[in-house]
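Chains as they are written, first to last, in the working numbering: chain A, 1 to 286; chain C, 287 to 617; chain F, 618 to 916. Glycine residues also receive a C-beta, built at the ideal position from the N, C-alpha and C atoms. Since the structure is predicted, the reported quantities are computational estimates derived from the model, not experimental observations. Below is one structure, written out as structure tokens; the observations come after it.
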Amino acid sequence: MKERTRKSLVQFLGFFMLRAFLFLVLAVLVLFLYDIGSKGGPAISWEFLSQAPRRGMTEGGILPAIVGTFLVTVVTALLAVPLGMCAAIYLNEYARQSRLTRLIRLSIRNLSGVPSIVYGLFGVILFVNVMRFGTSILSAGLTLGLMTLPWTITASEEALKAVPNAYREGALALGATKWQSIRTNVLPYAVPGMLTGTVLGLARAAGETAPILFTGAAFYLPFLPHSLKSQFMALPYHLYIMATQHHAILQVRPLAYGTALVLIALVLGMNLTAVIVRYRMRRKHK
Amino acid sequence: MSVKTPGGAMDSPKNHSAGVVSLDWEEAPRFRRTMSSKRWAALKESAIRAFFQASGILTILVLLGIFATLLATAVPAFREIPVSEFLTKTAWDPTSPEKAEYGILSMIVSTLMVTIGALLLAVPIGVGVAAYLSDVAHWRVREIVKPVIEILAGIPSVVVGFLGIVLFAPTLAKFFHTGNGLNALNGSLLLAIMALPTIISISEDSLNSVPAAYSEASLALGATRWQTLARVKVPAGLSGIIAACMLGMGRAIGETMTVLMATGNARAFPHGLLSSVRTMTADIAIELGEVPYFTTHYYALFAIGLVLFIMTFSVNLVADVILRKYQEREP
Amino acid sequence: MKKALITALVVTGFVSAFAAAAPSQKKMIQIKGSDTLVNLVQILSEEYMAKNPGTAIAVLGGGSGTGITGLINQTCDIADHSREWKQSEIEQAREQGVKPRFFIVAVDGVSIIVNEKNPIAKMTMAEVGALYRGEIKSWDAVGGPNTPVSLYGRQSNSGTYVFMQEHVLGNKNYSPDMKEMNGNAQIVEGVIQDEAGIGYVGVGYLFDREGKIRKGLKILDISKTAGGPAFSPLDKAAVDSGEYPVSRPLFQATNGKPGPQTAAFIAWETGPEGQAIVAREGFFTIGAPAKAQNEKNMK
Numbered sequence: 001m002k003e004r005t006r007k008s009l010v011q012f013l014g015f016f017m018l019r020a021f022l023f024l025v026l027a028v029l030v031l032f033l034y035d036i037g038s039k040g041g042p043a044i045s046w047e048f049l050s051q052a053p054r055r056g057m058t059e060g061g062i063l064p065a066i067v068g069t070f071l072v073t074v075v076t077a078l079l080a081v082p083l084g085m086c087a088a089i090y091l092n093e094y095a096r097q098s099r100l101t102r103l104i105r106l107s108i109r110n111l112s113g114v115p116s117i118v119y120g121l122f123g124v125i126l127f128v129n130v131m132r133f134g135t136s137i138l139s140a141g142l143t144l145g146l147m148t149l150p151w152t153i154t155a156s157e158e159a160l161k162a163v164p165n166a167y168r169e170g171a172l173a174l175g176a177t178k179w180q181s182i183r184t185n186v187l188p189y190a191v192p193g194m195l196t197g198t199v200l201g202l203a204r205a206a207g208e209t210a211p212i213l214f215t216g217a218a219f220y221l222p223f224l225p226h227s228l229k230s231q232f233m234a235l236p237y238h239l240y241i242m243a244t245q246h247h248a249i250l251q252v253r254p255l256a257y258g259t260a261l262v263l264i265a266l267v268l269g270m271n272l273t274a275v276i277v278r279y280r281m282r283r284k285h286k
Numbered sequence: 287m288s289v290k291t292p293g294g295a296m297d298s299p300k301n302h303s304a305g306v307v308s309l310d311w312e313e314a315p316r317f318r319r320t321m322s323s324k325r326w327a328a329l330k331e332s333a334i335r336a337f338f339q340a341s342g343i344l345t346i347l348v349l350l351g352i353f354a355t356l357l358a359t360a361v362p363a364f365r366e367i368p369v370s371e372f373l374t375k376t377a378w379d380p381t382s383p384e385k386a387e388y389g390i391l392s393m394i395v396s397t398l399m400v401t402i403g404a405l406l407l408a409v410p411i412g413v414g415v416a417a418y419l420s421d422v423a424h425w426r427v428r429e430i431v432k433p434v435i436e437i438l439a440g441i442p443s444v445v446v447g448f449l450g451i452v453l454f455a456p457t458l459a460k461f462f463h464t465g466n467g468l469n470a471l472n473g474s475l476l477l478a479i480m481a482l483p484t485i486i487s488i489s490e491d492s493l494n495s496v497p498a499a500y501s502e503a504s505l506a507l508g509a510t511r512w513q514t515l516a517r518v519k520v521p522a523g524l525s526g527i528i529a530a531c532m533l534g535m536g537r538a539i540g541e542t543m544t545v546l547m548a549t550g551n552a553r554a555f556p557h558g559l560l561s562s563v564r565t566m567t568a569d570i571a572i573e574l575g576e577v578p579y580f581t582t583h584y585y586a587l588f589a590i591g592l593v594l595f596i597m598t599f600s601v602n603l604v605a606d607v608i609l610r611k612y613q614e615r616e617p
Numbered sequence: 618m619k620k621a622l623i624t625a626l627v628v629t630g631f632v633s634a635f636a637a638a639a640p641s642q643k644k645m646i647q648i649k650g651s652d653t654l655v656n657l658v659q660i661l662s663e664e665y666m667a668k669n670p671g672t673a674i675a676v677l678g679g680g681s682g683t684g685i686t687g688l689i690n691q692t693c694d695i696a697d698h699s700r701e702w703k704q705s706e707i708e709q710a711r712e713q714g715v716k717p718r719f720f721i722v723a724v725d726g727v728s729i730i731v732n733e734k735n736p737i738a739k740m741t742m743a744e745v746g747a748l749y750r751g752e753i754k755s756w757d758a759v760g761g762p763n764t765p766v767s768l769y770g771r772q773s774n775s776g777t778y779v780f781m782q783e784h785v786l787g788n789k790n791y792s793p794d795m796k797e798m799n800g801n802a803q804i805v806e807g808v809i810q811d812e813a814g815i816g817y818v819g820v821g822y823l824f825d826r827e828g829k830i831r832k833g834l835k836i837l838d839i840s841k842t843a844g845g846p847a848f849s850p851l852d853k854a855a856v857d858s859g860e861y862p863v864s865r866p867l868f869q870a871t872n873g874k875p876g877p878q879t880a881a882f883i884a885w886e887t888g889p890e891g892q893a894i895v896a897r898e899g900f901f902t903i904g905a906p907a908k909a910q911n912e913k914n915m916k
């Protein structure tokens, strides 16, 4: 009997510890969201979202940062999404088990592990200097695009894998070429999933700071960016400088919290949209 | 070119006897008109395939490009700085009016310190949560927790660093009676939070792939659920779990904004968890903006980037090898 | 597929609209550099833009080193810096064909601050230097309690960092234990929270929004020599005359003769309206010799 109770006790304690761990993780997230929500909420107003910073950035809003982040993310998408989809099509539809394929997959996994500041270093050399785009939305967007590429490829591949092989075989059976079968029988079902998957990668890109530090993000610009070659303010960089480099950081802390809230809302909003759309699509296809 | 068709529409008399229908265009001249259009179609197919293959190969080129760029921009630094000095000296002071110092050992140790500190927290908690989710939790709990973990993963690093400054640092300062909470411990806590989602989700996948037969056998032999989980399932999924931890480690090593904001950035060799430290990533972020192009200092920053790249590449490579070995073992 | 195409077209259209707006944008004056100056110059440029619609000034921080590098790399029009150029920077500028011209826009008394709970009220320059070089590690060596000194400073891109190194540390290395903060404000916050803290900041950062000294700070009086008279950085006469030993001019540099828009802005900054703002923000106005030098460099 003693052995049985000892075992039960161990199990009880063990599971309790695991539950405690889970609770800890959830508590941390709740703490984060509560802190930002409660302290950032009061700072949000229509003025905050639609005006530029004023009075040495102690008043006003963050519109240039919102616009800047939006524009950079668009450039990121224009690079990472088509390229990611094409690479995924190759990997899932055409590639055979060869050394080349293994090398490609290895590269993708390693690219996703490269530190974001290293992408920034690469972007400074390649886009800012060699291609002479200078510090601009273009340079920053392309740098972020390269960083997002592994994620868009992986997400697109998952969407392609979800399409049953029968669809492909059916088309081939009717005499279609490989490309025709992909175009008519695979892509229409996969593309929505590819796009929602890539939105998750873009949400990540929108929140990144290190790659844009030296490729275009600016401390304070009085006007909205007027071309792809201009510098820009961005939400993550704005949060960084409000928290560390501003001349009156305690005074502007509420504004920093507001920026953090907008940033999180944007990133989580994108994630949520992608997840909901994917869920709906899965239901439709069942 | 052969077209395998089940039907007979495209038989050439030559191959009729073969069970497989194949068309040999070279030897069927009477199809010349359709042949060139078919040949054109074939060419188009190859071109399309090549196009997609090129986009796949591009990923290799990007990786090589990053490595090559780092290498090319870092090498000039070593004309002025001996590599041994770079890697083993602890003083980093490129702008010193006395003697410019380029030793990154303090920064390497700082990076490793916050990373290992993060893993000491994130691995037990992460594996524990993964084990709980895969084995013990009610499916409804799983449905709620999984998206919650994704939300945690989605929090941008600058926001985590911000919370490190406003939330964690004052608490740590009060708790440990230090003047200010910007130190290695703060960095480790934050990095642990950032590495957790990776460790949890990959470990959970690994545990879920352990064949049910293992658990069933264990339970049949009289073990409790806990014993099955701890002594059978987790060890069975160990390689996946190790890979998950290595990926989490890679994430922690490469993190920039969080440590930049939360660790104090003192250049000294760290003397404890409560000392202010400067990681390699933070140093690049601090100094790249002010360094004049094409000076030794500039090249040295790229050399730090190169070291970072090699570190994360190696960690990811090891994780890769482990994951592949583990997948090969799958029945 | 169609939805994706439409989205792509809409987005591209949106982006091109921005590009099309380019010709109507006047040339922006790009200012980069000193964190000590960034707040002041930002407020100056806001008021200038309000008074002169159609002008555009972008103020980016980054530290004096960043600004000087920006001028050398020709990525900005004006470089703010709170220290003199180093010899190596002057040579680099020469190599790149850049001929800097300097304008003094304000005067700063670099303030040595400690936590208000610290009993010390004044120090000599030598003691400050010894603390920051890491030679003195405990407060009791300079008359304080027996606690380890907690050093707050800037990073190497900061003009204040370099200025202190040259004038107070005697061109020697900083203690590697110094916490290198990202800006003046972080140093202020750090010292307010840290009873054993000591920091150096531009005088404009001592004040809060209402113009009062920040609560929690104590500003040390500094004397040039042991036993000599100690002065406060808030004493304008002492700063102007140099009796406060850690005073310095705050500069703006341009590449050669400034263009018309840049020159107009600098002239306004150093004129009565700009200087009134300088004083309002807690810095000191420039004296007559500096004004004469500025006018000479304008030509």
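CA-to-CA distance, residue j to residue i, given in whole angstroms
i, j, result
"A/THR152", "C/PRO368", "41 Å"
"A/ALA52", "A/LEU142", "26 Å"
"C/GLU573", "A/GLN11", "52 Å"
"F/LYS908", "F/ASP725", "16 Å"
"C/LEU587", "C/ILE479", "28 Å"
"C/TYR388", "A/GLY41", "45 Å"
"A/PRO188", "A/ILE104", "25 Å"
"F/ALA813", "F/ILE737", "11 Å"
"C/ALA304", "A/ALA173", "Legend: pLDDT at C/ALA304 = 44, less than 50; position of this residue unreliable, value from coordinates given subsequently. Cα-Cα distance, rounded: 19 Å."
"C/ILE570", "C/ALA589", "10 Å"
"A/LEU83", "C/ALA336", "14 Å"
"A/VAL72", "A/ILE137", "6 Å"
"C/GLY680", "A/ARG109", "Look at the range of chain C in this structure, 287 to 617, and you will see that residue 680 of chain C is not part of it."
For residue i, the first and last residue of its enclosing alpha helix (DSSP H)
i, result
"A/ALA203", "187–206"
"A/HIS238", "235–244"
"F/VAL766", "That residue, F/VAL766, is in no alpha helix (DSSP H); it is neither H nor E in DSSP."
"C/MET399", "391–417"
Where the beta strand (DSSP E) containing residue i begins and where it ends
i, result
"F/GLY679", "674–679"
"F/ALA696", "695–698"
"A/ILE89", "A/ILE89 -> not in any beta strand (DSSP E); alpha helix (DSSP H) instead, spanning 63–89."
"F/GLN869", "864–872"
"F/ALA723", "717–726"
"F/LYS835", "834–836"
"F/TYR817", "814–818"
"F/LYS739", "739–741"
Helix, strand or coil at residue i according to DSSP, with G and I counted as helix
i, result
"A/ALA217", "strand"
"A/LEU250", "coil"
"F/GLN642", "Per-residue confidence for F/GLN642 stands at a pLDDT of 45, beneath the threshold of 50, marking its modelled position as unreliable; no derived number is given."
"A/ILE44", "coil"
"F/ASN790", "coil"
"C/ALA423", "coil"
"C/PRO483", "helix"
Neighbourhood of residue i by C-beta, 7 Å cutoff - its chain only, sequence neighbours within 5 removed
i, result
"F/PHE720", "PHE868, GLN869, ILE883, THR887, ASN911 and ASN914"
"F/SER641", "Only weak support exists for where F/SER641 lies, its pLDDT of 38 falling under 50; the value from the coordinates is given anyway. Nothing listed; no residue qualifies."
Other residues of its chain near residue i: CB distance less than 6 Å, five sequence neighbours each side excluded
i, result
"A/ARG253", "none"
"F/THR777", "THR653, SER699 and ARG771"
Residue nearest to residue i in terms of C-alpha spacing, selected from the options
i, options, result
"F/MET795", "F/ILE737, F/ASN656, F/PRO765 and F/SER699", "F/PRO765"
"C/VAL445", "A/GLY134, A/LEU272 and A/VAL267", "A/VAL267"
"F/PRO875", "F/LYS703, F/ALA743, F/GLY671 and F/LYS716", "F/LYS716"
Residue i CB to nearest heavy atom of the ligand HEM below 7 Å
i, result
"F/ALA880", "Ligands are entirely absent from the displayed structure, and the ligand HEM is therefore not among its contents."
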